[in-house]
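Quick note, in UniProt numbering, the sequence shown goes up one by one and the last residue is 141.
These notes concern the structure reproduced below.
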Amino acid sequence: MTNNTIKHLGIVESIQGSHLSVRIVQTSACAACSAKGHCSSADSKDKIIDIIDTAVSSYQVGERVMVVGEMSMGMMAVVLAFIIPFVLLIFSLFLFMALIGNELYAALLSLAILIPYYFILWLNKTRLKQKFSFTIKPINN
């Protein structure tokens, strides 16, 4: 049975009302490898995750917490950011090639199709922010 959650160790950076900012270290899969000192592809970077939690009073700035998200959120993010735009791009390219016949104009129009798609995503960012929400759990030492 597979685990359907994504977990990252984080540190509470700031607390404002019911809003927490948690810093996590995002590492590539090979960053934990023992040979990472001899390899140029190992990398890691800090990310700030915004979390809304009603139990904010139980956390303090600097406290270590576990940031938890559903695996389905990651899959949905990949679909929205990469799969759907790719399908739109390919479909519109073939459609414009059949209608126009000019490769340059068909390619430019296909790329232009992505502008309204990403604009619609931007207009729905508050709804998406609710859908892609993380929770935190205290770490018991």
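Where a beta carbon is used, it is the ideal one built from N, C-alpha and C, also for glycine.
Quantities reported herein were computed from a predicted structural model and do not represent experimental measurements.
Under the 10 Å beta carbon count, A81 is surrounded by fewer than 16 other beta carbons and is classified as exposed. The Cβ-Cβ distance between M76 and I6 does not fall below 9 Å. For M71, the CB contacts under 7 Å within the same chain, skipping 5 residues up- and downstream, are N4, T5 and I6 in chain order. If you draw a straight line from the Cα of I15 to the Cα of L128, it comes to about 22 Å.
According to the DSSP assignment, L89 belongs to no beta strand (DSSP E) but to the alpha helix (DSSP H) extending over I84 to L99. For E103, the uninterrupted alpha helix (DSSP H) run begins and ends at E103 to L123, by DSSP. Taking C-beta separations shorter than 8 Å and ignoring five residues to either side along the sequence, the partners of Y117 in its chain run I84, P85 and L88, following chain order.
Taking the Cα positions, I139 is about 22 Å away from G17.
G10 carries a strand assignment under DSSP once its states are collapsed to helix, strand and coil. Here the C-alpha atom of I52 lies approximately 39 Å from the C-alpha atom of F91. Under the rule that a run must span 3 or more residues, the beta strand (DSSP E) segments found entirely inside the segment 36-81 read 44-52 and 64-70.
Spanning the alpha carbons of V61 and L121 requires a straight line of approximately 33 Å. A direct Cα-Cα distance of roughly 9 Å separates V25 from I48. For G69 and I115, the gap between their C-alpha atoms comes out near 29 Å.
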